[in-house]
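Contents: one structure, followed by commentary.
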Amino acid sequence: MFDYKIGISEQEHDAFVIQHPQVNLLQSSSWAKIKDNWGNERLGFYKNGELVAVASILIKRLPLGYTMMYIPRGPIMDYQDKDLVKFVMRSLKQFGSCRRSVFIKFDPALILKQYPIDQSSAEFSENKLSVEAIQNLKDANCQWSGRTIAMSETIQPRYQANKILKEGGI
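If you number the sequence shown the way the working numbering does, the last residue is 170 and the count never jumps.
Right, here's the structure in full:
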């Protein structure tokens, strides 16, 4: 059985984010403090009492008592678990409605392709788990922006360069 809690502690939230494969600075409680011109709420999602997903939600006040919400590089969860995805999305919609949010935008760190910079992306196949995650989100009534390229079509850059650090140094 699923349930969720509004206002989980920074410690509980960050402990979950740090141990999760989708760990991302933008979902840390520290990032919300940097974005001090936005409000913040942390939601925890539980299955049989165990924390299975979190979302640090940035909340911007709009005129006439409305808000807009943004979940940078989140929510953090197992996107292959269809039931969990549906529950989290349904809960976020309910939470947003109670806060008079006109929309909730989110951009989980789903890697469609990963390849060295000196090689063509055409040489590499798509990550099947990410493709499945996108489908699970669509099945949960989420709208996907698609494979946008222009910065005006998104909040975070579509492409990012990463340097893989090895234990003991670079």
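Backbone N, C-alpha and C define an ideal beta-carbon position, used for all residues, glycine too.
Because the structure is a prediction, the values reported are computed rather than measured.
Measuring C-alpha to C-alpha distances from Phe-16 to each of Phe-124, Asp-107, Ala-122 and Val-54 identifies Val-54 as the nearest.
A distance below 8 angstroms separates the beta carbons of Phe-87 and Phe-45. A Cβ-Cβ contact shorter than 8 angstroms links Arg-73 with Asp-107. Within the same chain, Cβ atoms closer than 8 angstroms to the Cβ of Asp-83 are found at Phe-2, the five residues on either side in sequence being excluded. For Ile-76, there is no enclosing beta strand (DSSP E), since its DSSP letter is neither H nor E. Judged by DSSP secondary structure, Asn-136 falls within the alpha helix (DSSP H) whose first and last residues are 128-139. In the structure shown, the three-state DSSP call for Phe-2 is strand. In the DSSP annotation of this structure, Leu-92 is not part of any beta strand (DSSP E); the continuous alpha helix (DSSP H) holding it starts and ends at 82-98.
If you draw a 10 Å sphere on the C-beta of Asn-136, you find 16 or more other C-beta atoms in it, and that means buried. Taking Ile-71 as the centre and dropping the five residues before and after it, the same chain places the C-beta of Ala-55, Ile-57 and Phe-106 closer than 6 angstroms to its C-beta, in chain order. In summary, Pro-21 is exposed, with fewer than 16 beta-carbon neighbours lying within 10 Å of its beta-carbon over all protein chains present. When secondary structure is reduced to three states using DSSP, Phe-124 falls in the coil class, being assigned neither helix nor strand. Boundaries of the alpha helix (DSSP H) around Lys-33: 29-34.
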